[in-house]
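Structure first, then comments.
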Amino acid sequence: MRNKFFTTLLFLSLVLNVSLWAETGASPQTNTLAQSETDPGHGENGTGSQHQETASAHGEAGDDLPLWSVIPFVLILLSIALLPLISHTTEHWWENNNNKLLLSLALGGVSFGILMAHSWGGKIFHTMVFDYIPFIILLAALFYISGGIVLKGDIEATPVNNTIFLIVGTFLASFIGTTGASMLLIRPLLKTNSERKHVVHTVIFFIFLVSNIGGSLTPLGDPPLFLGYLQGVPFVWTFKLFPQMIIASGILLVVYFIWDTVMHGKETKKDIRYDHSHRQPLGLEGQVNLLWLLGVILSVAFLNQNYIPAIGKYPFLGFIREAVLVGLIALSKVTSDPKLREKNKFTLGPIQEVAYLFIGIFLTMIPALLLLEHHGKELGITERWQFFWVTGGFSGVLDNAPTYLTFLSLAKGLLGFSNVTQILADPIGEELLKAISVGAVFMGALTYIGNAPNFMVKSVAEENKIKMPSFGGYVVYSFLLLVPTFILLTWIFFI
């Protein structure tokens, strides 16, 4: 019955698209070609930053959107939050990734129709071709290659060892990305804790620290910072976020150690003895994948307009990077022993879930981002703490990379600047950029959809038979643990 309902919704959305298209006479090809000529780059991880700014400066055709155009986005968020909870039937239905794709296409199709009716065809093209495709290819490369690296062994799952695991992952995330660090370490951490019954809190803190906050020290750590790098923020500037990162991660690590000590005390003596007796020294297999992982990092860092100026004139040349990433995936496949991924209990399920859901999220969030970009000044955001909280709040429910760009544009407009260099040369502007950067990176941890690795870690944990909290349940954890931490950061750095 539910399959029929969502199939009908998908059909109706397609009918709506055709009728609205015919009614408005919109030509997506015209918008697309015009935008392609003005866009100097592409991609979730950088080249799309100037892409969006240039399109805006050239007055991309499109009417103002009504507030109700965000309804599909709200519905997709509610679906993610509620379908696993409503009943056993909806929970079972939601477990099938194909059903997620069906819902994603149905609601995304409605947004497609609304955007076409308001002449935003070029924006759709930009988002799906120059943002979504590179976004998924990058995540797939990090996911697949890291899946071929096996951190073997089984150390004792004590609070000290678990905390050390989180510390290593937090700092590693800045140098191989939050996705790379998350996929490299989540399976070994789960294996280490496989003898314990109380593991959920460890996965949640892992998402907070490794999948989000840890990616704040370099532009390679998290997509918003890489977008800033391609806008002109110097590579080493993000090291200025170290005080915010060390305080936030330090607070959460202390809370985690206390929490895990309490939960460790609740484990049965039998499980503790079993964990102690099955210790194995740590080792590494699949080292060749470290080379391919380095290739991913170098590709993201150097295959862009900064180093290939021709991309500015011919934006599709930017897909050289994606071609290299696909090649690195192929190299990982042919050079790795298939048994390594079997040891990791590796499946494509988590990346499928992210790819399917984010088709709908990327489409349905376009109206929300456009409304935010066009009416952001009406929000009255002028202070550092406001930029921190509003950027962060939207990053928790929208993709944090375009949210970062939107508020960076708002900051430039507020100060009367035209580029990032002017912001960095102005003390007030630089402080606003710090607030925007920290908000986008840190508060991506507020929900499962705030940053792609969040969902991937959740999926891997569930594949390992760990019953993770629902969307709403996770938000309860984040509000109880993260919001007080962010309030303290506000008081120290942003007031």
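Each residue of the sequence shown is one higher than the one before, starting from 7 at the first, in my numbering.
Ideal Cβ positions, reconstructed from N, Cα and C, are used throughout, including at glycine.
In the structure shown, what three-state DSSP assignment does residue i receive?
| i | result |
| --- | --- |
| Gly386 | coil |
| Glu293 | It is Gln, not Glu, that sits at residue 293 in the sequence shown. If DSSP states are grouped into helix, strand and coil, Gln293 belongs with coil. |
| Leu288 | strand |
| Thr453 | coil |
| Asn218 | coil |
| Asn460 | helix |
| Arg2 | This structure gives no information on residue 2, because the portion of the chain shown stretches from 7 to 501. |
| Leu420 | helix |
| Glu201 | coil |
| Leu148 | helix |
| Met3 | This structure does not reach residue 3, given that the chain is present from 7 up to 501, and the question cannot be answered. |
| Leu304 | helix |
| Tyr410 | helix |
| Gly402 | helix |
| Gln311 | coil |
| Pro229 | helix |
| Leu71 | coil |
| Thr208 | helix |
| Thr427 | helix |
| Gly153 | coil |
Could you check where the alpha helix (DSSP H) with residue i kicks off and where it finishes?
| i | result |
| --- | --- |
| Gln358 | Gly355 to His381 |
| Met121 | Note on residue identity: the sequence assigns Leu, not Met, to residue 121. It spans Asn103 to Ala123 - the alpha helix (DSSP H) in which Leu121 sits, taken as one unbroken run. |
| Asp266 | Phe248 to Gly271 |
| Met189 | Pro165 to Thr198 |
| Trp497 | Phe477 to Phe499 |
| Ser338 | Ile326 to Thr341 |
| Thr436 | Residue identity check: residue 436 is Glu in the sequence provided, not Thr. Pro433 to Phe448 is the span of the alpha helix (DSSP H), which, as asked, contains Glu436. |
| Phe241 | Looking at the DSSP string, Phe241 is not in any alpha helix (DSSP H), and its letter there is neither H nor E. |
| Lys129 | Gly127 to Phe131 |
| Pro78 | Ile77 to Ile92 |
| Lys319 | Ala316 to Lys319 |
If you draw a straight line from the alpha carbon of residue i to that of residue j, how long is it in whole angstroms?
| i | j | result |
| --- | --- | --- |
| Ile192 | Gln428 | 41 Å |
| Met449 | Val206 | 20 Å |
| Gly399 | Leu452 | 8 Å |
| Leu190 | Gly153 | 7 Å |
| His380 | Thr164 | 51 Å |
| Ile372 | Phe322 | 22 Å |
| Met269 | Lys471 | 18 Å |
| Lys440 | Ser93 | 43 Å |
| Thr388 | Leu233 | 22 Å |
| Gly115 | Ile357 | 22 Å |
| Ile155 | Thr353 | 14 Å |
| Leu195 | Thr184 | 16 Å |
| Thr496 | Leu247 | 14 Å |
| Thr267 | Ile278 | 13 Å |
| Val330 | Ser305 | 7 Å |
| Met134 | Glu162 | 45 Å |
| Ile139 | Tyr480 | 28 Å |
| Asp228 | Gln286 | 33 Å |
Just curious, the beta strand (DSSP E) that residue i is in, first and last residue?
| i | result |
| --- | --- |
| Val156 | Val156 to Asp160 |
With a threshold of 8 Å between beta-carbons, can residue i be considered close to chain C, or not?
| i | result |
| --- | --- |
| Asp160 | In the displayed structure, chain C is absent; only one protein chain is listed. |
When you measure from the CB of residue i to every non-hydrogen atom of the ligand GTP, does any distance come out below 7 Å?
| i | result |
| --- | --- |
| Leu488 | Judged by which ligands are present, the structure shown has none, so any question about the ligand GTP falls away. |
Worksheet item: Touching or not, the region 120 to 132 and the region 383 to 392, by the rule of three or more beta carbon pairs under 8 Å?
Response: no
Item to complete: Count the CB pairs spanning the region 129 to 147 and the region 389 to 402 that are closer than 8 Å, and state whether there are at least three.
Response: no
Worksheet item: Per the contact definition of three or more C-beta pairs closer than 8 Å, is the region 460 to 467 in contact with the region 236 to 249?
Response: no
Discussion item. Would you call the region 220 to 236 in contact with the region 173 to 191, where contact means no fewer than 3 C-beta pairs closer than 8 Å?
Written reply: yes
Discussion item. Counting beta carbon pairs with one atom in the region 202 to 217 and one in the region 472 to 489, are three or more of them shorter than 8 Å?
Written reply: yes
Worksheet item: Counting pairs of Cβ atoms below 8 Å between the region 403 to 417 and the region 157 to 173, do you hit three or more?
Response: no
Worksheet entry | the region 102 to 110 touching the region 351 to 370, judged by at least three CB pairs closer than 8 Å | yes
Discussion item. For the region 339 to 348 against the region 85 to 92, do three or more pairs of beta-carbon atoms, one drawn from each stretch, fall closer than 8 Å, so that the two count as touching?
Written reply: no
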